[in-house]
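Here's the structure, in structure tokens; my notes come after.
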Amino acid sequence: MTDARGFMGRYCGLVNDSSPSRYVVVVTHATRDDAFDAAAEFISEVAGRDIGCAVPDDQVEPMSTKLPGIDLEGLGEFTREAEVVVVFGGDGTILRAAEWSLPRHVPMIGVNLGHVGFLAELERSDMADLVNKVCSRDYTVEDRLVLNITVTEHSGQHRWGSFAVNELSLEKAARRRMLDVLASVDELPVQRWSCDGILVSTPTGSTAYAFSAGGPVMWPDLDAMLMVPLSAHALFARPLVMSPAARVDLDVQPDGSESAVLWCDGRRSCTVRPGERITVVRHPDRLRIARLAAQPFASRLVKKFELPVSGWRQGRGRHHPEETS
């Protein structure tokens, strides 16, 4: 009897006389062997259940070496409808995967192999549960607010655009001078800051750069926008929480600023010249995050930040009351 595995070309999966009817996308941290090992284990398991997979083009070759006999489809040629994107890495890898999943409205599941990992809910030890629930479609999907960003020249011509899942950061390009930026909300001036930069964040991004800059933690199911000035030379430089329907304009002033750098999620950047405007509004698409378990955000917050919840009277090193018998 002829072994039919691998005859269908570059699709991931064990192939009999037809292609799989279901597909998932797998995105892996580009430089971590443990991430590739975990992803290979997942692909092998779902392939055995007749679920096809696709991976980023630059990961086809390294992943193939770990999966002899299983062919891989590169995302550049992938035309199937994927059910979910499974990401092995940290939040940075999820932000990379969002560039593919956001315009296609495909939910993502993150397996945390990084550090804090607020977007990634699973750990490496949860592999069996991950495989079973992906195969049985046993998960819920959260929709998250995303930011839409445009850069406009002084003439009014749009010259650059992108999106942000976590935040956009407008930062000075040179250390010798501060940025001079006028911030407006709904086309009304709010404050002009001399500062190192300004962040505009989503609730999802409130536990990232904005948190380090002194912004509040926002529950991710909240629809709102957050603006945080960075090291502003001003008496009033507090974070501002705004409506999700707000329009935020950041005008780099032409009479005192040098060029600035605009970053979206730390991945996509643009030079912003004096006299140009950055406009931030709600993106028409929503980021879709798949959850395998109904874990409240408060529980994730305590776990990820290792927040003390047992009280100082118990002393350092003592167990949480729930952990004692």
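All residue numbers for the sequence shown refer to numbering that gives the first Met the number 0, where the first residue is 0 and numbers rise by one.
Ideal placement from N, C-alpha and C gives every residue a C-beta, glycine not left out.
| query | result |
| --- | --- |
| Residue range of the unbroken alpha helix (DSSP H) whose run includes Met217 | Unbroken run through Met217: none, as it is neither H nor E. |
| Neighbourhood of Ile42 by C-beta distance below 7 Å, restricted to the same chain and skipping five residues each side | Cys11, Val25, Cys52, Leu66 and Ile69 |
| 8 Å Cβ shell around Asp2 - same chain, five flanking residues per side excluded | Unreliable positioning characterises Asp2 in this predicted model, as indicated by a pLDDT of 36, which lies under 50. The coordinate reading is nonetheless provided below. So the list is empty, once near-sequence residues are dropped. |
| Anticipated Cβ contact below 8 Å, Val180 with Val251, distance rounded | 6 Å |
| Minimum C-alpha distance to Ala153 - residue among Pro295, Ala37 and Pro253 | According to the sequence shown, residue 153 is His rather than Ala. If we check each option's Cα against that of His153, Pro253 comes out closest. |
| Three-state class that DSSP yields for Phe304 in the structure shown | helix |
| Identity of the residue in Tyr22, Arg276, Ser309 and Arg175 nearest His157 by Cα | Arg276 |
| Inter-residue spacing [alpha-carbon to alpha-carbon] between Val110 and Leu306 | 22 Å |
| Alpha-carbon spacing of Arg299 relative to Phe87, whole angstroms | 19 Å |
| C-alpha distance - Arg4 paired with Arg123, whole-angstrom precision | Legend: pLDDT at Arg4 = 33, less than 50; position of this residue unreliable, no value from coordinates given. |
| Distance CB(Phe162)-CB(Asp284) smaller than 9 Å | yes |
| Arg143 burial status per 10 Å Cβ neighbour count (16 or more: buried) | buried |
| For Val240 and Arg9, the rounded distance between their alpha carbons | Per-residue confidence for Arg9 stands at a pLDDT of 35, beneath the threshold of 50, marking its modelled position as unreliable; no derived number is given. |
| Own chain, CB closer than 8 Å to Leu121, minus 5 neighbours either side, in chain order | Ile108, Gly109, Val110, Asn111, Asp128, Leu129 and Leu291 |
| Own chain residues within Cβ distance below 6 Å of Val227, not counting five before or after | Leu198, Ala209, Ala212, Gly214 and Pro238 |
| Backbone CA spacing between Phe296 and Glu44 [nearest angstrom] | 30 Å |
| Member of Leu229, Ser242 and Gly75 whose CA lies at the smallest distance from the CA of Asp222 | Ser242 |
| Those residues which DSSP pairs with Gln190 across a bridge | Ala182 |
| DSSP state of Leu198 mapped onto helix, strand, coil | strand |
| CA-to-CA distance, Ser168 to Cys263, given in whole angstroms | 7 Å |
| N-terminal and C-terminal residue of the alpha helix (DSSP H) that Glu44 is part of | Asp32 to Ala46 |
| Beta-carbon gap between Arg21 and Glu82 smaller than 9 Å | yes |
| Terminal residues of the beta strand (DSSP E) in which Asp250 lies | Val247 to Val251 |
| Residue from Thr203, Asp49 and Gly91 with nearest C-alpha to Gly265 | Gly91 |
| Distance, Gly116 Cα to His318 Cα | Unreliable placement is indicated for His318, whose pLDDT of 45 sits below 50; the coordinate value is still reported in the next sentence. Going by the C-alpha atoms only, they are around 24 Å apart. |
| N- and C-terminal bounds of the alpha helix (DSSP H) containing Leu229 | Per DSSP, Leu229 belongs to no alpha helix (DSSP H); it is in the beta strand (DSSP E), Met224 to Leu229. |
| Rounded separation between Val189 and Arg272 - CA only | 21 Å |
| Buried/exposed call for His114, threshold 16 Cβ in 10 Å | exposed |
| Helix, strand or coil at Met126 according to DSSP, with G and I counted as helix | helix |
| CA-to-CA distance, Ala245 to Pro61, given in whole angstroms | 44 Å |
| Alpha-carbon spacing of Leu178 relative to Phe235, whole angstroms | 16 Å |
| CB contact flag (Leu286, Thr206, <9 Å) | no |
| Cα-Cα separation, Ala259 to Asp195 | 10 Å |
| Gly91, enclosing alpha helix (DSSP H) - first and last residue | Asp90 to Ser100 |
| DSSP three-state assignment for Gly75, whether helix, strand or coil | helix |
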